[in-house]
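Participant: Structure below; questions to follow.
Protein chains: 2
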Amino acid sequence: MINDGKRSGRPRAGEERLSREVILTAALGIVDDEGIDALTMRRLAATLQVNPMSLYHHLPNKAAVLAGLAELVFAGLELPDPGDAVPWDEQLKQAARAYRDGLRQHPNLALQVLSDASAVSDVVVVTMEPFYRALDRAGLAPREIFEAANTLIDFIHGFSLGEASVRAETFELAPDLLTRVRALPAHKAPTLTRIVNELGADGLAYDFDSGFESGLSTWVAGIRR
Amino acid sequence: MINDGKRSGRPRAGEERLSREVILTAALGIVDDEGIDALTMRRLAATLQVNPMSLYHHLPNKAAVLAGLAELVFAGLELPDPGDAVPWDEQLKQAARAYRDGLRQHPNLALQVLSDASAVSDVVVVTMEPFYRALDRAGLAPREIFEAANTLIDFIHGFSLGEASVRAETFELAPDLLTRVRALPAHKAPTLTRIVNELGADGLAYDFDSGFESGLSTWVAGIRR
DNA sequence: CTCCTTATCCATACGTTGTACGATTATGTA
DNA sequence: TACATAATCGTACAACGTATGGATAAGGAG
Chain F
1 MINDGKRSGR PRAGEERLSR EVILTAALGI VDDEGIDALT MRRLAATLQV
51 NPMSLYHHLP NKAAVLAGLA ELVFAGLELP DPGDAVPWDE QLKQAARAYR
101 DGLRQHPNLA LQVLSDASAV SDVVVVTMEP FYRALDRAGL APREIFEAAN
151 TLIDFIHGFS LGEASVRAET FELAPDLLTR VRALPAHKAP TLTRIVNELG
201 ADGLAYDFDS GFESGLSTWV AGIRR
Chain V
1 MINDGKRSGR PRAGEERLSR EVILTAALGI VDDEGIDALT MRRLAATLQV
51 NPMSLYHHLP NKAAVLAGLA ELVFAGLELP DPGDAVPWDE QLKQAARAYR
101 DGLRQHPNLA LQVLSDASAV SDVVVVTMEP FYRALDRAGL APREIFEAAN
151 TLIDFIHGFS LGEASVRAET FELAPDLLTR VRALPAHKAP TLTRIVNELG
201 ADGLAYDFDS GFESGLSTWV AGIRR
């Protein structure tokens, strides 16, 4: 078959267009810009101006692309470690905030990232040092450190998942929640009804940042038991 | 076009084969048995012995099927409320355990369920009463109750996500973690290295049940500050 | 240098997916 | 009886992941 203009074989030295890294970076761009559903092998190839099948030389299949993206996100995590200059609880909070911030930078990937068990377990090894150090300084036993770190990570994951599932930065739970609660036969959930009404519409505007800080404080207080 | 045996028009009264409920129940069965990827509109239709396009009369598209499944899972949640017969913290823990158990009954759906913001916000209204009651009995202010409940839910979600991402009931983090940590240049993560080594291989066998209890206790201790 | 293996990219094609469109047949109301 | 509406089916299409195999050049071996 005649080739009309484009060479189709191996590129000349120094002009390789593809590599695992280049492909994953492009994929991350697509996902960040247009969401996870926009990431198809054809779309990815088009972005790179390459034939779809060329991608398969560098990555075995689409699942590998997604796993690679999870890896990328975690690799981008940089947990600042103030060392022993601040109290252990502040050290812990700073690490937790940085972790959440890292996940927040790619909201369209949160689901993929958080559900990739091997990526999650990888990151434990390479970035959890500040967590372990702070908990060690708090005087916990090894087993307690291990479990406390897991628990904190789980909270951050759950929080990030909720945060990513919601489009806007501040999601108005309030009107919804108020409306729904008031639609309930009051005796079905008396305490919930009372609490929500006491809070009123104003008090229910939900802000993720303060929600995160509140959870963090509760959790740290639990460690300090 | 001639119809060979099968009638193709509207079924006679009393023999409707489909309904939203019937479809969703069948879909849940497929997902539970064979995983979320096995759920296709054709497969679903085949299970119901129906033409794929018939499904679209009851549900607008596949996304609606998935959302419906999240709804089903939450609807199946039954949080037992021991009332004031037990201390508030025990009441809270029982509710949390039941919530986790509910999510665990459909591990293949965990991701879908937890990332469906509207389903999550729905469930808050209908099943969170025990959480609110326990926290109210603990003496918290309305705003604190609201935030504490959110935090606990986030923890359970994060925990369940991790649990669902892993196939087996007890996932051996240990060998992996030990191996990985030991492969690290020790100075990169000195505390992590030390803690993991002190724990040793035995101490690292991870059990989800005790991990959950540990997190729950930490969190409750935080509330009791 | 030549020969050969291997790396990189491309063209074609297949099976599967979600679902748009329109036909077909029964129901319920006028 | 006539007709709008509800429920199902048949056909068809575009887009998807990727298997297979061919083209071209790189890089090492002789």
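So the sequence lines, in the order shown, correspond to chains F and V. First residue of the first sequence? That's 1 in UniProt numbering, and the numbers climb one at a time after it. First residue of the second sequence? That's 1 in UniProt numbering, and the numbers climb one at a time after it. Even glycine gets a Cβ: it sits at the ideal position worked out from N, Cα and C. Bear in mind that the values here come from a model prediction, so they are computed numbers and not experimental data.
1. Going by the CB atoms, is the gap between GLY35/V and ASN108/V shorter than 7 Å?
2. Considering only residues of the same chain and omitting the five flanking positions on each side of GLU213/V, which have a CB-CB separation below 7 Å?
3. Give the residues of chain F in contact with PRO87/V, contact being defined as C-beta atoms less than 7 Å apart.
4. Return the first residue and the last residue of the alpha helix (DSSP H) that LYS93/V is part of.
5. Counting only C-beta atoms, is TYR132/F closer than 7 Å to chain V at any point?
6. Does any residue of chain V bring its CB to less than 7 Å from the CB of LEU140/F?
7. Tell me the rounded alpha-carbon separation between TRP219/V and TRP219/F.
8. Going by beta-carbon coordinates alone, are TYR132/V and LEU177/F separated by less than 7 Å?
9. Please say whether ASP154/F and PHE155/V have beta carbons closer to each other than 7 Å?
10. Can you give the Cα-Cα distance for ALA70/F and ASP116/F, rounded to whole angstroms?
11. Under three-state DSSP, which class holds GLN112/F?
12. Determine the closest residue to LEU199/V out of PHE146/F, TYR206/F, ALA164/F, with distance taken between C-alpha atoms.
13. Where ASN197/F and VAL126/F are concerned, what is the direct C-alpha to C-alpha distance, given to the nearest angstrom?
14. To the nearest whole angstrom, what separates the beta carbons of ALA141/F and LEU92/F, a pair I think is in contact under 8 Å?
15. Which complete alpha helix (DSSP H) runs does the segment 17 to 69 of chain F hold, if anything under 4 residues is left out?
16. Using the rule of at least 16 other Cβ atoms within 10 Å of the residue's Cβ for burial, across every protein chain shown, is MET53/V buried or exposed?
17. Determine the chain F residues that contact ASP154/V at a beta-carbon separation under 7 Å, and present them in chain order.
18. Out of LYS62/F, ARG17/F, VAL50/F, VAL22/F, which has the shortest C-alpha to C-alpha gap to ALA38/F?
19. Which value, in whole angstroms, describes the spacing of the CA atoms of ASN150/V and ASP136/F?
20. Considering only residues of the same chain and omitting the five flanking positions on each side of residue 239/V, which have a CB-CB separation below 6 Å?
21. With DSSP as the reference, label ASP122/F as helix, strand or coil.
22. Taking only three categories from DSSP, how would you classify VAL166/F?
23. Any C-beta of chain V sitting closer than 7 Å to the C-beta of ASN150/F?
24. Take LEU79/F as the anchor and find which of ALA85/F, VAL86/F, VAL73/F, GLN94/F has the nearest alpha-carbon.
25. How is the alpha helix (DSSP H) around ALA13/F delimited, first residue to last?
26. Roughly how many angstroms separate the alpha carbons of ASP89/V and ALA183/V, rounded to a whole number?
27. Less than 7 Å between C-beta atoms, sequence neighbours within five positions excluded: which residues of the same chain meet that for HIS58/V?
28. Work out the CA separation of ALA221/F and ARG225/V for me, nearest whole Å.
Facilitator: Judging by the given coordinates:
1. Locating residue 108/V in the second sequence gives position 108, counting from the first residue. Locating residue 35/V in the second sequence gives position 35, counting from the first residue. It is a contact, given that the beta carbons lie within the stated cut-off.
2. Translated into positions along the second sequence, residue 213/V becomes position 213. Within the same chain, GLU213/V has no close Cβ partners at all.
3. As a first step, residue 87/V must be located in the second sequence, where it is residue number 87. The contacting residues do not exist; PRO87/V stays about 16 Å from chain F at best.
4. Within the second sequence, residue 93/V is the residue found at index 93, counting from 1. Counting along the chain, the unbroken alpha helix (DSSP H) around LYS93/V starts and ends at 88 to 104.
5. Working through the first sequence from its first residue, we reach residue 132/F at position 132. Yes, its Cβ sits closer than 7 Å to a Cβ of chain V.
6. Sequence index remark: in the first sequence, residue 140/F carries index 140 (1-based). For LEU140/F, the answer is no, since every Cβ of chain V falls outside 7 Å of its Cβ.
7. Walking along the second sequence from the start, residue 219/V turns up at place 219. Walking along the first sequence from the start, residue 219/F turns up at place 219. Straight-line spacing of the CA atoms in TRP219/V and TRP219/F works out to 5 Å.
8. As a position in the second sequence, residue 132/V is number 132, starting the count at 1. As a position in the first sequence, residue 177/F is number 177, starting the count at 1. With a cutoff of 7 Å on beta-carbon distance, TYR132/V and LEU177/F are scored as not near each other.
9. Here the question's residue 155/V lines up with position 155 in the second sequence. Here the question's residue 154/F lines up with position 154 in the first sequence. In this structure, ASP154/F lies closer than 7 Å to PHE155/V by Cβ.
10. For this step, residue 70/F is matched to residue 70 along the first sequence. For this step, residue 116/F is matched to residue 116 along the first sequence. Taking the straight line joining both Cα atoms gives about 7 Å.
11. In the first sequence, residue 112/F corresponds to position 112, counting from 1. Look at GLN112/F here: in three-state DSSP terms it is helix.
12. For this step, residue 199/V is matched to residue 199 along the second sequence. Out of PHE146/F, TYR206/F, ALA164/F, PHE146/F has the C-alpha closest to the C-alpha of LEU199/V.
13. Stepping through the first sequence from its first residue, residue 197/F is reached at position 197. Stepping through the first sequence from its first residue, residue 126/F is reached at position 126. Each residue's CA atom was taken as its position, placing ASN197/F and VAL126/F some 46 Å apart.
14. Working through the first sequence from its first residue, we reach residue 141/F at position 141. Working through the first sequence from its first residue, we reach residue 92/F at position 92. Rounded, the Cβ-Cβ distance is 17 Å, inconsistent with contact.
15. Considered as a whole, the segment 17 to 69 of chain F harbours 20 to 34, 41 to 47 as its complete alpha helix (DSSP H) runs of no fewer than 4 residues, in chain order.
16. Taking the second sequence and counting its residues from 1, the one referred to as residue 53/V is at position 53. Around the beta-carbon of MET53/V, fewer than 16 other beta-carbon atoms lie within 10 Å, marking it exposed.
17. Here residue 154/V refers to the residue found at position 154 of the second sequence. Within chain F, the residues near ASP154/V are PHE155, GLY158, PHE159, GLY162, GLY215.
18. Here residue 38/F is taken as the residue at index 38 of the first sequence, counted from 1. For ALA38/F, the closest C-alpha among the options LYS62/F, ARG17/F, VAL50/F, VAL22/F is that of LYS62/F.
19. Locating residue 150/V in the second sequence gives position 150, where the first residue counts as 1. Locating residue 136/F in the first sequence gives position 136, where the first residue counts as 1. Each residue's alpha carbon lies about 28 Å from the other.
20. Past the boundaries of the shown model lies residue 239/V; chain V is included only from 1 to 225, so the question cannot be answered.
21. Here residue 122/F refers to the residue found at position 122 of the first sequence. Here ASP122/F sits in helix by DSSP.
22. In the first sequence, the residue the question calls residue 166/F occupies position 166. Shown here, VAL166/F sits in coil according to DSSP, grouped into three states, outside any helix or strand.
23. Position 150 of the first sequence, counted from the first residue, corresponds to residue 150/F. Chain V, which has a Cβ nearer than 7 Å to the Cβ of ASN150/F, makes this yes.
24. Here residue 79/F corresponds to residue number 79 of the first sequence, with the count starting at 1. The shortest C-alpha separation from LEU79/F is found at GLN94/F.
25. Numbered from its first residue, the first sequence carries residue 13/F at position 13. That residue, ALA13/F, is in no alpha helix (DSSP H); it is neither H nor E in DSSP.
26. For the purposes of this step, residue 89/V is taken as residue 89 along the second sequence, with counting starting at 1. For the purposes of this step, residue 183/V is taken as residue 183 along the second sequence, with counting starting at 1. Rounded to whole angstroms, ASP89/V to ALA183/V spans 42 Å at the Cα level.
27. On the second sequence, residue 58/V is found 58 positions in, with the first residue counted as 1. Closer than 7 Å at Cβ, skipping near neighbours: LEU18, SER19, ARG20, ILE23.
28. On the second sequence, position 225 is the one that residue 225/V refers to. On the first sequence, position 221 is the one that residue 221/F refers to. The alpha-carbon atoms of ARG225/V and ALA221/F are separated by roughly 6 Å.
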